[in-house]
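Last residue of the sequence shown: 157 (my numbering), numbering continuous.
Heads up, the beta-carbon is just placed ideally off N, CA and C, and yes, glycines get one too.
Since the model is a prediction, treat every value here as computed from it, not as a measurement.
To keep things clear, I will list the structure first and then write my remarks on it.
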Amino acid sequence: MMKITNLNEIQNIPNSALKAHIEQKVQGWIDEYGIESLDEIGCFVILNTDEKDCFDESEMEFTETLNLENEAYLHGVKILGDCYGEDVFLPIEVEKC
């Protein structure tokens, strides 16, 4: 599990497509809400494939399948408090037809 709690830690994300997606999302938050750091609004949690138990869909505000280049993630948002949440990403395998 990797927990991204500040802007500098985004650079440590190994998957370039996920890193770009999160950077774009954070830039949107900066533009929309005028935040200066992640601790004002939330964090990102990137799970490993064997950490499925950490992704409890019943705790999520919503879930979606996110396809980025050649990777797919189950993505959910867990609200932890007023104006604070976790974006959670779990890598998943997608069946190809």
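Beta-carbon proximity check, residue i vs residue j, cutoff 8 angstroms
{"i": "residue 107", "j": "residue 78", "result": "no"}
{"i": "residue 115", "j": "residue 147", "result": "no"}
For residue i: DSSP bridge partner residues
{"i": "residue 95", "result": "According to DSSP, which records beta bridges pairwise, residue 95 is partnered with nothing at all."}
{"i": "residue 79", "result": "Answer by DSSP bridge pairing: none, since residue 79 is not bridged."}
{"i": "residue 62", "result": "106"}
7 angstroms CB neighbourhood of residue i in its chain, flanking five on each side removed
{"i": "residue 96", "result": "none"}
{"i": "residue 117", "result": "123 and 136"}
Neighbourhood of residue i by C-beta distance below 8 angstroms, restricted to the same chain and skipping five residues each side
{"i": "residue 89", "result": "95 and 101"}
{"i": "residue 86", "result": "67, 70 and 98"}
Other residues of its chain near residue i: CB distance less than 6 angstroms, five sequence neighbours each side excluded
{"i": "residue 124", "result": "135"}
#### Entry: beta strand (DSSP E) runs wholly inside the region 105-156, at least 3 long, in chain order
122-128, 131-141 and 144-152
#### Entry: Three CB pairs or more closer than 8 angstroms across the region 69-77 and the region 119-137
yes
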